[in-house]
Amino acid sequence: MDLIARYKEVRQRTEKICFYLQTEDYVVQPVVDVSPPKWHIGHVTWFFETFILKPYFMGYQEYNPDYNYVFNSYYETVGARVIRTDRGNLSRPTVVEIYSYRKYVDEAMEGFLCGEVSDDIKELLILGFNHEEQHQELLMTDIKFILGHNPLFPAYNKNYTAPRIDEGEDDAFINMAEGIYEIGFNGDGFCFDNELNRHKVYLNAYEISPKLVNNAEYLEFINSGGYHDFRHWHAEGWDWVKTNKVEAPLYWHLIDNEWHNYTYHGLEPLHLKGPVTHISYFEAYAYASWKGLRLPTEFEWEAASSKFNWGRRWEWTESSYLPYPGFAKAPGAIGEYNGKFMVNQKVLRGASEVTPPGHSRATYRNFFQTNLRWQFTGIRLAR
């Protein structure tokens with residue numbers, strides 16, 4: 224692998240995402256789950272400075288000692304940090320200053336990568352590349368939330384085109400035989416620690432849909448009173464619906480009795496054949512219950528994943544986010560990457576239209592709390 228070329232490719236893609244933003248767009252934090260874009264571009268830079276340059280590049284001078292406090296996300300090992308809810312209060316450092324920080328670190332990284340790089344540091348670098356790609360997806364979804372909650376519904380990029388993934392025409396459910404299946408990453412390439420260790424699971428016979436639920440199908444659930452019928456909801460989900468007065472997926476707006484939704488092009492009439500997206504686990508579960516079906520477990524999803532096309536949406540599963548057998552956290556701050564979040568979350572499988580190219584795998588385990596829906600989340604049914 225040409226490490227310098229790979230480093231530049233990853234870093235430039237982040238800046239390309241931000242190309243369409245105005246300065247004011249960089250600083251907004253509408254809710255706690257959404258970080259201001261300028262914080263993302265500073266944080267991924269901090270990652271390379273903190274875990275590569277400071278410990279391994281002799282003579283490196285830290286750009287600004289305060290930035291460890293500003294851009295540390297959740298690494299207790301590395302020290303104190305600005306709490307997540309306060310990221311939107313960071314009017315300083317400015318956007319210009321953060322881009323200067325990126326330039327400074329990029330120049331240092333390119334100098335560092337010209338020398339000999341050990342296998343251990345190479346592993347850290349590859350983790351850093353994948354970490355920044357994760358934030359590229361978060362950037363895209365956070366930007367959509369920021370602009371999609373602007374009263375003017377401005378477009379992010381009127382020329383944006385989503386990657387096309389053909390789900391095929393066959394509606395027949397895929398039959399999967401009972402038996403023992405191997406789950407987890409297997410190979411020589413990169414994976415996150417939560418994809419290990421590969422292990423065997425026993426699955427009863429099941430069927431899984433080859434397609435995602437689309438907007439027209441979900442609209443039937445809405446029109447049938449699905450958001451007003453407690454029978455389809457978990458108790459916690461029903462409380463969530465009532466407390467938040469939820470009537471439809473995120474970004475859906477009923478205007479003059481016609482449904483519209485916010486997209487990267489701005490507000491548009493709802494595309495009925497497109498896969499439903501931006502829904503919580505609560506909604507995915509309720510829809511499946513209304514259909515008399517269920518969500519697949521993450522193991523059922525992975526075992527069948529080679530038999531259907533996936534990648535348009537992160538798909539909610541019925542699996543809690545837990546460690547695989549033999550899972551072990553790495554020592555130090557890097558060990559905080561995944562393991563400490565293995566509680567009170569559901570696993571999502573697949574990828575989305577804003578997942579960076581080459582960043583997805585059938586074994587990839589995404590995870591979110593049950594009420595969250597600002598990511599590109601969707602539904603695949605099973606029985």
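Counting in the working numbering, the sequence shown runs from 224 upward without gaps.
Don't be surprised by glycine CBs; every beta carbon is placed ideally from N, CA and C.
Around the beta carbon of residue 447, fewer than 16 other beta carbons lie within 10 angstroms, which makes this residue exposed. Counting the other Cβ atoms within 10 Å of the Cβ of residue 272 gives 16 or more, which makes it buried. The Cβ atoms of residue 524 and residue 599 lie no closer than 8 Å to each other.
The alpha-carbon of residue 490 is positioned some 6 Å away from that of residue 484. Annotation: the continuous alpha helix (DSSP H) that includes residue 261 extends over 260 to 271. Taking the Cα positions, residue 550 is about 43 Å away from residue 373.
For the set 252, 282, 415, the Cα lying nearest the Cα of residue 354 is the one of 415. Ranking 496, 345, 255, 605 by CA distance to the CA of residue 391 puts 496 first. Under DSSP, residue 498 forms a beta bridge with 437. Rounded to whole angstroms, residue 545 and residue 592 show a C-alpha spacing of 13 Å.
Taking all protein chains in view, the Cβ of residue 579 is crowded by 16 or more other Cβ atoms within 10 Å, so the residue is classified as buried. Annotation for residue 555: 300 place their beta carbon closer than 8 Å to its own, counting only its chain and skipping 5 residues before and after. Put simply, the region 231 to 247 touches the region 257 to 273. At least three CB pairs are less than 8 Å apart.
Inclusion of residue 606 and residue 429 in the CB contact set at 8 Å is warranted, their separation being smaller than that value. The beta-carbon separation of residue 385 and residue 576, rounded to 4 Å, stays under the 8 Å limit for a contact. When the beta-carbon positions are compared, residue 597 and residue 493 stay at least 8 Å from each other.
Within the same chain, 283, 285 come within 7 Å of residue 277 by CB-CB distance, once the 5 residues on both sides are set aside. Assignment of residue 446 by DSSP, reduced to helix, strand and coil, places it in the helix class. For the pair residue 487 and residue 383, the CB atoms are nearer than the 8 Å cut-off. With contact defined as three or more Cβ pairs closer than 8 Å, the region 507 to 519 and the region 431 to 444 are in contact. DSSP places residue 504 inside the alpha helix (DSSP H), whose first and last residues are 504 to 513. Annotation: residue 407 to residue 586 spans about 6 Å, alpha carbon to alpha carbon. Between residue 530 and residue 583, the alpha-carbon positions lie close to 16 Å from each other. In the three-state reduction of the DSSP assignment, residue 281 falls in the coil class, being assigned neither a helical nor a strand state. CA-to-CA, the gap between residue 358 and residue 439 works out to about 31 Å.
Per DSSP, reduced to three states, the secondary structure at residue 431 is strand.
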